[in-house]
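Have a look at the structure below before the remarks.
In the numbering used here, the protein residues as written are 912 to 955.
Okay, structure coming up:
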């Protein structure tokens with residue numbers, strides 16, 4: 912029988928379609944931009 916942890920791991924490494932990848936990447940860009948803004952605010 913498969914444990915709950917193993918099911919979570921399999922879902923995480925499951926192949927994703929292009930829309931899922933594109934959506935995830937677009938949100939990553941906003942996260943990175945906000946880190947740059949916070950860094951520049953701390954330096955000034």
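Backbone N, C-alpha and C fix where the C-beta goes; we use that ideal spot for every residue, glycine too.
- Start and end of the alpha helix (DSSP H) containing residue 945? 929 to 954
- Item | Cβ-based neighbour list, residue 913, same chain, cut-off 7 angstroms, excluding 5 preceding and 5 following | Cβ neighbours of residue 913 within its own chain (closer than 7 angstroms, five residues either side excluded): none.
- Query: Grouping DSSP H, G and I as helix and E and B as strand, with all else coil, what is residue 913?
  - Reply: Three-state result, residue 913: coil.
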